[in-house]
Each structure stands twice: as structure tokens, then as C-alpha cells.
Amino acid sequence: MDRVGLGWRGELAASILERLDAIDVLEVIAEDWTRAPAREQRSLRALGRERPLLLHGVALGLASRHAVEDKRLAALARLFETAAPESWSEHLAFVRAGGHEIGHIAAPPRGPASIEGALRNLERARRIVGTTPALENIATLVAPPASPMDEGAWTRRIVEGAGAPMLLDLHNLYANALNAGIEPVALLDTMPLASVRLVHLSGGRWLRPPGLAPRLLDDHLHDVPDPVYTLLETLAARVPQPLTVILERDGEFPAMAHLVSQLVRAREALASGRRLARRAA
Amino acid sequence: MDAESFLARLYADEAFREAFTAAPLEVARREGLDEREAGEFARMDLPGLALAAESYARKRSGRRGPRD
């Protein structure tokens, strides 16, 4: 059965607890909790009794030729054991390399070195945490140089090579497609759709640098744009497996009723896609 | 330096990025990228690099935590 949920943010906590009727599942940012005392980490287990919890990592840097630090994986494993989430996810990204900390997820050069490194890191993550994370495609404002592979082929090699589920971020995909001048559905069809179990929805804003082509920045501060709901409908029509859709909002929070209206639109898009698939069958 | 570390430094080190933007091929060669990789970095989307680096710098400064 498809599910629709929301990213847990401290600013939204009270509102989320008041509107659990509209929320099937909650996603928690792992790094917000890995350094918290065990007592606070255990509160996540209580939250998980209200709605299934998904743990979302943002700082491991799994898609790298360099090894993820043991201490990061160990901290995540401790949180996983304490909070008992349903599953966890991380990005197909690097965050640091050669002693340089980027401070955010970034797209590495897409080639054999980052594929092999990602598969090694994922095997270590599976061994230490206990399960393989769902892997998320990221948004990038610049195509990584020294990339002999396109995003879809590179993503497929890692997701399928690791036997991992995929977390398909449809706004990231939408932004990358528009910024590269590609049709979003064409980019969608290059992804390992049979592996998709989770979906992220979010919004962004256009950057309009003087004299340059505009670019769409995925900032999680704006509403989900209409074409992203259309992509969700297309995805639901393309794949038979149940999807868990999470709305991400990191700031400039609107009223909870407004966020709930976006969850309703996500449910409608899923239902519409499923109807299209039934008609086509 | 490998291509991934080179890219990380471009994002994280403003002075290095400025030097690269002024002479991309020369800097890429000097840092030890092979000729193919150096050529690809020399052809990279410099406005996109500047926008991405600015976005990452804002995140490092703590205005927003890492999210995606």
C-alpha cells in the first residue's frame, strides 16, 4: 500500500503530533540525533510507536572513492539500534575528500572510481548498521567533471550493484533535468525504477545570475511545484511496487494545513498514477 | 590529487577556486590530474561551479544544516 508522510523537524513537532491523522510515516534526519543523549534517542522509539519512522542520513558521503569514517557509521548504528526505525536512507553523494569538507552533499565524478568506492562503503554500512540504506539521487547545480557516465547509468550501477532500494527524490530529478536541458520524464526513465521504494518531494527556487541561464536550486523552502506531482503520478503509473512518499520542508514553514494539503496532493497523484496503470493493463 | 578531492577543494577552498577559474588547465595539471581529467575540469561549467560553491559556503557558515 502506498504511504505518504512528512519529514520530522523540531519546528513542526507540535503541529505534526496534532495532525498525525494525515501522516502515514515520519522521516527523521539521522545527524540531528546521532550526538543526542541516549535518553533523547529513545524518544524516537516512542515516536515510532505513533507512526513508522524512517532514518535519513545526510553526511556519510557514501558515493565516494574514499572510505566513510568508521565513527560516522558506528554513530549511525547506535542510533539505529536505539530508535528502531523501519529503515534508513542516505544520498548518492560525497561530502568530503582529500581533507576538504564541502559541508553538504555533492555529486562526485560519475565513473568507475566512485561506483567501486560506493559499493565498498555500502557493504561496510550494511555490516555495521545491519541493513543496506535506500539510496537517494541528489540535486546538483553543476555537472561533475571527469564523469564518463550519465546520472542514470551511474545510479543504476550503484543501486543495482548494492542490491539497495532507491529513494527517488523527484524534485532533485526535476531540477537536474531542467538545469541540464533534459526532459524530466526522460531522466526519470533512466533511473532504476524497479528498485524505487521511497520518494522525496520538495520545492526550490530559480537562481537568475546576471547574463547566465537560470538554474533551479533545490532548497526545501518552497512548495512542491506542479510538475513534480505529475512526475509522481508518472512514477506510480510506471511501477507496481508500493511507494512511500515523504514531503521535505526545512524552513520558511507554512501553516500545517498548507503542508497537509501537499500531502493530499501527493496521495491524489499516487492514486491517479495507479488508475492509469490499471487502465493500461 | 584525485579528481574527487580536486572537486571537493574547488567547492571548499575559495582561493583555490579563484586560481582555478583564472587558469583551469594549468591548475588541474599542477595538482596532478591526468591529462584527460585536467581537460575535462578545464571545460567545466564555471558559472555553475561558482553557484554551487556559494551554496555550499552558506551551508558551512551554519545558516542551514545539511539537508536534501
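Those protein sequence lines, which keep their order, are chains D and S. Residues in the first sequence are numbered from 1197 upward in steps of one, following my numbering. Residues in the second sequence are numbered from 3 upward in steps of one, following my numbering. Glycine included, every Cβ here is placed at the ideal spot set by N, Cα and C.
Is the segment 21 to 39 of chain S close to the segment 1451 to 1459 of chain D, with three or more CB pairs under 8 Å?
No contact exists between the segment 21 to 39 of chain S and the segment 1451 to 1459 of chain D.
Measuring alpha carbon to alpha carbon, tell me which of 1219/D, 1211/D, 1210/D ends up nearest residue 1442/D.
Minimum Cα distance to residue 1442/D is reached at 1219/D.
For chain S, check one thing: does any of its Cβ atoms lie closer than 8 Å to the Cβ of residue 1285/D?
So, not an interface residue.
Does DSSP classify residue 1430/D as helix, strand or coil?
Residue 1430/D falls in the helix class under three-state DSSP.
Look at the Cβ atom of residue 41/S, then the Cβ atom of residue 1338/D, and state whether they are nearer than 8 Å.
In this structure, residue 1338/D does not lie closer than 8 Å to residue 41/S by Cβ.
Closer than 8 Å, Cβ to any Cβ of chain S: which residues of the segment 1408 to 1429 of chain D, in chain order?
Here the close residues are 1408, 1411, 1413, 1414, 1416.
So, is the C-beta of residue 22/S closer than 8 Å to a C-beta in chain D?
So, not an interface residue.
Could you spell out the range, first to last residue, of the beta strand (DSSP E) harbouring residue 1225/D?
Start and end: 1221 to 1225.
Is the beta carbon of residue 1215/D less than 8 Å from the beta carbon of residue 1387/D?
No, the Cβ-Cβ distance between residue 1215/D and residue 1387/D is not below 8 Å.
So, under 8 Å CB-CB, residue 1271/D and residue 1241/D are touching, yes? Tell me the CB distance rounded to an integer number of Å.
Not quite, the Cβ-Cβ distance comes to about 17 Å (not below 8 Å), so this is no contact.
Establish whether the CB of residue 39/S and some CB of chain D are separated by less than 8 Å.
Cβ-Cβ to chain D under 8 Å: yes for residue 39/S.
Can you list, in chain order, the stretches of the beta strand (DSSP E) that have 3 or more residues and sit fully within the segment 1376 to 1415 of chain D?
1392 to 1397, 1400 to 1403, 1411 to 1414, all fully within the segment 1376 to 1415 of chain D.
Report the residue ranges of all alpha helix (DSSP H) runs contained in full by the segment 1263 to 1301 of chain D; include only those spanning at least 4 residues, in chain order.
Listed in chain order, they are 1266 to 1279.
Which residues share a DSSP beta bridge with residue 1440/D?
1199/D, 1394/D.
Which parts of the segment 1304 to 1390 of chain D are runs of the alpha helix (DSSP H), unbroken and 4 residues or longer, counting only runs that do not cross its ends?
If we require 4 residues or more, the alpha helix (DSSP H) runs fully inside the segment 1304 to 1390 of chain D come out as 1308 to 1325, 1347 to 1358, 1366 to 1376, 1380 to 1384.
Short check: CB of residue 1393/D to CB of residue 1362/D, under 8 Å?
Result yes, Cβ atoms of residue 1393/D and residue 1362/D sit closer than 8 Å.
How long is the line joining the alpha carbons of residue 1262/D and residue 1318/D, rounded to whole angstroms?
If you take the alpha carbons of residue 1262/D and residue 1318/D, they lie about 12 Å apart.
Does any C-beta atom of chain C lie closer than 8 Å to the C-beta of residue 50/S?
The chain inventory of the structure shown lacks chain C, comprising the protein chains D and S.
Measuring only the C-alpha atoms, how far is residue 1298/D from residue 8/S?
If I take the Cα positions, the gap works out to 11 Å.
To the nearest angstrom, report how far apart residue 1356/D and residue 1236/D are at their CA atoms.
About 36 Å.
Which residue marks the beginning of the beta strand (DSSP E) containing residue 1251/D, and which one marks its end?
Unbroken beta strand (DSSP E) run through residue 1251/D: 1249 to 1252.
Which one of 1287/D, 1245/D, 1312/D, 1288/D has the shortest CA to CA distance from residue 1281/D?
Considering only alpha carbons, the answer is 1245/D.
Quick one: is residue 47/S near chain D, going by C-beta distance under 8 Å?
Judged by the 8 Å Cβ criterion, residue 47/S is in contact with chain D.
Is DSSP giving residue 1452/D helix, strand or coil here?
If DSSP states are grouped into helix, strand and coil, residue 1452/D belongs with the helices.
Rank 47/S, 27/S, 48/S by C-alpha distance to the C-alpha of residue 38/S and give the top, closest one.
Residue 38/S has its Cα closest to that of 27/S, out of 47/S, 27/S, 48/S.
Measuring straight from C-alpha to C-alpha, what distance separates residue 1303/D and residue 1477/D?
Distance between the alpha carbons of residue 1303/D and residue 1477/D is about 38 Å.
In this structure, how does DSSP classify residue 1230/D when only helix, strand and coil are distinguished?
Coil at residue 1230/D, not helix or strand.
Alpha carbon to alpha carbon, how far is residue 1253/D from residue 1416/D? Give it in angstroms, no decimals.
Each residue's alpha carbon lies about 16 Å from the other.
Exposed or buried, what is residue 68/S when buried is set at 16 or more other beta-carbons lying within 10 Å of its beta-carbon?
A caution first: residue 68/S carries a pLDDT of 43, below 50, which makes its placement in the model unreliable, though a value can still be read off. Under this definition residue 68/S is a buried residue.
From residue 1211/D to residue 1331/D, what does the alpha carbon distance come to, in whole angstroms?
Going from the Cα of residue 1211/D to the Cα of residue 1331/D covers about 29 Å.
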